[in-house]
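Participant:
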């Protein structure tokens, strides 16, 4: 079967084997390109909008993106291609990187770096052949990816280097001459052409080329060519340019300096990071000043990566490698001062102890003079601040500096144009490889890696613990780490200070006072992510100040800002936070933090659900928080996105509030969350929330709360066609509400009871109850719901004319209210009624209108039901192929959201095969 592949290096295109698949216009192509540039990683919705529209997105940008995602998903399903997964705060393309040409190029470049010249030339030529024109063709102009042009230049330069090593001088002269004529400032290419000319016996042309480039740089930039090109010019003048790349500074030590510590035997994963570092080496070789900062949380493997990489590329720095640990986050020693570090480097460069200057600025001057013009690699490990690093930065454009730090070192990016890479945790398979390196293969290594959060330090400790004792099994360690309260203790090495907790503790103890206070408060907030609005509520500070503090924590790599205003700690950092909050906050402080968290989610979730449509229950939290303290949530799409992103937090807050005995808060928040799940149903999560709400209402003795949450459980049973269809809950709610004064609750109970009776075949009882609900409904929202439900009961009773009349009346009310979810449901029911009545044209019209609205609103479960209805309509029209296509789409959707109902659809589909 042909594999799908994605082309980004040229016009953005999807291929099924070698056959191009039409995907749509610039917006769709741009969306696919953004996801494909980061396969397997979440691309935030805000980032997508910024990339596709720049600073002036349309008001409907989110809706457009949602629609384009649905469109792409449909196309990818048709060719059995990769999946686009909704992963808050955005989307993720689940695809093997090698199916994307950009990542195939990076793999080839990586392989070529360790290959012989013959093999490297072949691999790099294959990589260059993947360019089919300017990268990202056919996407909006606002979408820019300059790294793709950098990648092309790196591949081309490496391929030319390989060809030079193979003596292909004549061919290179033909290839490179027009490139240099068009851009005489491309010094790396000019240097390669000079070499080709010289070794082809055209020394005079090589010298003339240098004069041309020199004039261009002086005229355009006001400076001479870079040190690399000047060195080449000198060699050509002296007629002593060696055939191989044996470039030497004027003063070369007898032996290259090497201060590198030992590297791990094998490095798990990190392919993209290695390619990034390799690309920076290429820039340094081309004469650019190159400073790289590798940053990340404690234990993520920054030093391991950089040291392993440095050993691999050391041969590309013929003048040696300098290494120093700056002890920025050493638990037992203060950070090293620049003066001490310079002494270490000067001694390594051969300066006698007695000749090392006393004053710092004199040491800096001597250090810089000694390495000027040399091609060296300088590694500065575990830096604390940019000020600690700056005196150690070499002056030579031919020397590359790599800094590792738990802090982002923003100052180096601003003042020294440093390139920064944030190191994340390992991919699951790579994490397992790391464990197996230490302890060998085992069936439970995947579970062990997951419990370690794929953090390299934790993985190495787990592997070391397994290998240290023949009696300890993987099962025992998985059991030990499976308990969240003891997991960090299990990731500690006896007698060592490099356990996971100790590593995090060093980072925390170094935080400024107010930032440390926010970090502590974060430990008392339930959930898996946090934003400035909830943090402002908990800390009782303005949202802008909460954002500043969270970004300060992100700068220290204790949390990560995965999208604008979305901050996520690593799993093990969360556990550390929980422990820290229990140890350093008293019970009152923790209870206050939970209380403000609950109030925040009640207020914002209530605002969000009112953007989704009319609300049946009387709960209203509009006055709990000021408007500026909450996200604006301007419309339906924003509210839906908020619920999708915050849903794990809502469940965590419910659990924490229930455990703390806040039962009134629990049932109210559960009822608010129920409104979202009506529009976007998921059985297990919806059921767990409703059950918790019922239990909380019963615990506090709130009758209205019990009724509303029992009606929520009845809605779940009706939506997923569960046994009993929720009749017991509906009857109990009707019984409890009968003596009350809440007309909305009484009508809601009648409505649910009538629907349950209708599903169970008690048609006349159901119609009587629903007719009563229509007549007594206290507002237009409940009347519309009662009309639609009455129509369904009449349909089941065979009274189609009455059913269509009531359903049309219900649809008019739904449109009047602007409730898109109910509009979709009403259209679906009208389509079914028209199909039964034999009006196939009306049925098709209704269902297509519903499908378009469901796709634009991402009502996935609704779309599955609508595809089923459309399949039945097309079958009745005699369009068997069309019916088969729609039923197959319904099966795919139901497999994800309605697995218990998929059997019925499969049966209908099988009848059409």
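Numbering (the numbering used here), first residue to last: 557 to 1469.
The beta carbon of each residue, even a glycine, is placed where N, CA and C say it ideally should be.
Since we're looking at a predicted model, the values are computed, not measured.
Label residue 906 either buried or exposed according to how many other C-beta atoms from any shown protein chain fall within 10 Å of its C-beta, with 16 as the threshold for buried.
Facilitator: By the neighbour-count rule (16 or more Cβ atoms within 10 Å), residue 906 is not buried but exposed.
Participant: To which residues of the same chain is residue 1422 closer than 7 Å at the C-beta, ignoring the five residues directly before and after it?
Facilitator: Within the same chain, residue 1422 has close Cβ partners 1384, 1403, 1406, 1407 and 1410.
Participant: How many angstroms separate the CA atom of residue 806 from the CA atom of residue 931?
Facilitator: Unreliable placement is indicated for residue 806, whose pLDDT of 33 sits below 50; the coordinate value is still reported in the next sentence. Roughly 12 Å separates the two Cα atoms.
Participant: Using a Cβ-Cβ cut-off of 6 Å (strictly less than) and excluding sequence neighbours within five positions of residue 539, which residues of its own chain qualify?
Facilitator: This structure cannot speak to residue 539, because the chain is shown only from 557 to 1469.
Participant: Hey, how far is the Cα of residue 634 from the Cα of residue 1429?
Facilitator: Roughly 21 Å separates the two Cα atoms.
Participant: Run through the region 969-1028 for me and flag every whole alpha helix (DSSP H) of 4 or more residues, listed as ranges in chain order.
Facilitator: Complete alpha helix (DSSP H) runs here, min 4: 984-995, 1001-1007 and 1012-1024.
Participant: Is residue 1273 helix, strand or coil by DSSP?
Facilitator: Helix, per DSSP.
Participant: So the candidates are 719, 1148, 1242 and 1183; which of them puts its Cα closest to the Cα of residue 1079?
Facilitator: Cα-wise, what sits closest to residue 1079 is 1148.
Participant: Ordered along the chain, which non-local residues of its own chain (more than five positions away) have a Cβ less than 6 Å from that of residue 589?
Facilitator: Cβ neighbours of residue 589 beyond the five flanking positions: 564, 568, 692 and 695.
Participant: Would you grab the beta carbon distance between residue 1248 and residue 1222 for me? Rounded to a whole angstrom, and I think it's under 8 Å.
Facilitator: That belief holds up - the Cβ atoms of residue 1248 and residue 1222 are roughly 6 Å apart, short of 8 Å.
Participant: Helix, strand or coil for residue 563? Go by DSSP, reduced to three states.
Facilitator: In this structure, residue 563 counts as strand in the three-state DSSP scheme.
Participant: Note down, in chain order, each residue of its chain lying with its Cβ closer than 8 Å to the Cβ of residue 816, except the 5 sequence neighbours on either side.
Facilitator: Cβ neighbours of residue 816 beyond the five flanking positions: 863, 866, 867, 870, 877, 879 and 935.
Participant: Between the beta-carbon of residue 510 and the beta-carbon of residue 945, is there less than 8 Å?
Facilitator: A query on residue 510 cannot be resolved here, the shown segment of the chain reaching from 557 to 1469 and no further.
Participant: When burial is assigned at 16 or more other CB atoms within 10 Å of the CB, is residue 1390 buried or exposed?
Facilitator: By the neighbour-count rule (16 or more Cβ atoms within 10 Å), residue 1390 is buried.
Participant: Which stretch, first to last residue, makes up the beta strand (DSSP E) that contains residue 847?
Facilitator: Note, residue 847: beta strand (DSSP E), 846-851.
Participant: Could you give the residue range of the beta strand (DSSP E) that holds residue 646?
Facilitator: Taken as a continuous stretch (DSSP letters only), the beta strand (DSSP E) holding residue 646 covers 646-650.
Participant: Could you give the uninterrupted runs of the beta strand (DSSP E) lying entirely in the region 601-665, keeping only those of 3 residues or more?
Facilitator: You should have 639-643 and 646-650.
Participant: Which residue wins for smallest C-alpha separation from residue 1414, given the options 1228, 785, 625 and 1440?
Facilitator: Closest by alpha carbon: 625.
Participant: Within its chain, find whatever has a CB closer than 8 Å to the CB of residue 647; leave out the 5 residues flanking it on each side and keep chain order.
Facilitator: Closer than 8 Å at the Cβ level, and outside the excluded window around residue 647, lie 591, 598, 599, 601, 604, 625, 640 and 641.
Participant: Would you list the residues sitting across from residue 1472 in a DSSP beta bridge?
Facilitator: Because the chain is modelled from 557 through 1469, residue 1472 falls outside the range shown and cannot be assessed.
Participant: Mind listing, in chain order, the continuous alpha helix (DSSP H) runs of no fewer than 4 residues lying wholly within the region 1301-1356?
Facilitator: Listed in chain order, they are 1319-1332 and 1336-1352.
Participant: Near residue 976, which residues of its chain fall below 7 Å by C-beta distance, leaving aside the five closest residues on each side in sequence?
Facilitator: The residues are 849, 851, 964 and 969.
Participant: Throw me the rounded Cβ distance for the residue 1056 and residue 855 pair, which I believe falls under 8 Å.
Facilitator: With a Cβ gap of about 6 Å, residue 1056 and residue 855 count as contacting.
Participant: Residue 1089 and residue 1099 look like a contact to me (Cβ under 8 Å); what is the Cβ gap, rounded to whole Å?
Facilitator: Going by Cβ atoms, the distance from residue 1089 to residue 1099 rounds to 6 Å, so yes, they are a contact pair.
Participant: DSSP on residue 885, reduced to helix/strand/coil?
Facilitator: The answer is coil: DSSP assigns residue 885 none of H, G, I, E or B.
Participant: If we ignore side chains and look at the alpha-carbon of each, how far apart do residue 760 and residue 687 end up?
Facilitator: Cα-Cα distance, rounded: 35 Å.
Participant: Helix, strand or coil: how does DSSP classify residue 760 here?
Facilitator: Note: residue 760 maps to helix in three-state DSSP.
Participant: For residue 693, which residues does DSSP report across the bridge?
Facilitator: Partner(s): 567.
Participant: Could you pull the start and end residues of the beta strand (DSSP E) that residue 575 belongs to?
Facilitator: It spans 575-577 - the beta strand (DSSP E) in which residue 575 sits, taken as one unbroken run.
Participant: Which residue wins for smallest C-alpha separation from residue 1433, given the options 1192, 628, 844 and 1396?
Facilitator: Considering only alpha carbons, the answer is 1396.
Participant: Tell me the rounded alpha-carbon separation between residue 1102 and residue 1091.
Facilitator: Their Cα atoms are separated by approximately 6 Å.
Participant: Roughly how many angstroms lie between the CA atoms of residue 1454 and residue 1442, to the nearest whole one?
Facilitator: For residue 1454 and residue 1442, the distance between alpha carbons rounds to 16 Å.
Participant: Using the C-alpha atoms, what's the distance from residue 1280 back to residue 1260?
Facilitator: Between residue 1260 and residue 1280, the C-alpha separation is close to 23 Å.
Participant: Ordered along the chain, which non-local residues of its own chain (more than five positions away) have a Cβ less than 6 Å from that of residue 1445?
Facilitator: 1423.
Participant: Let me know if residue 1163 comes out buried or exposed under the rule of 16 or more other beta-carbons within 10 Å of its beta-carbon.
Facilitator: Counting Cβ neighbours within 10 Å, residue 1163 comes out buried, since at least 16 surround it.
Participant: Relative to the alpha-carbon of residue 1074, which residue among 1062, 1106 and 1048 has its alpha-carbon at the smallest distance?
Facilitator: Comparing Cα positions, the closest option is 1106.
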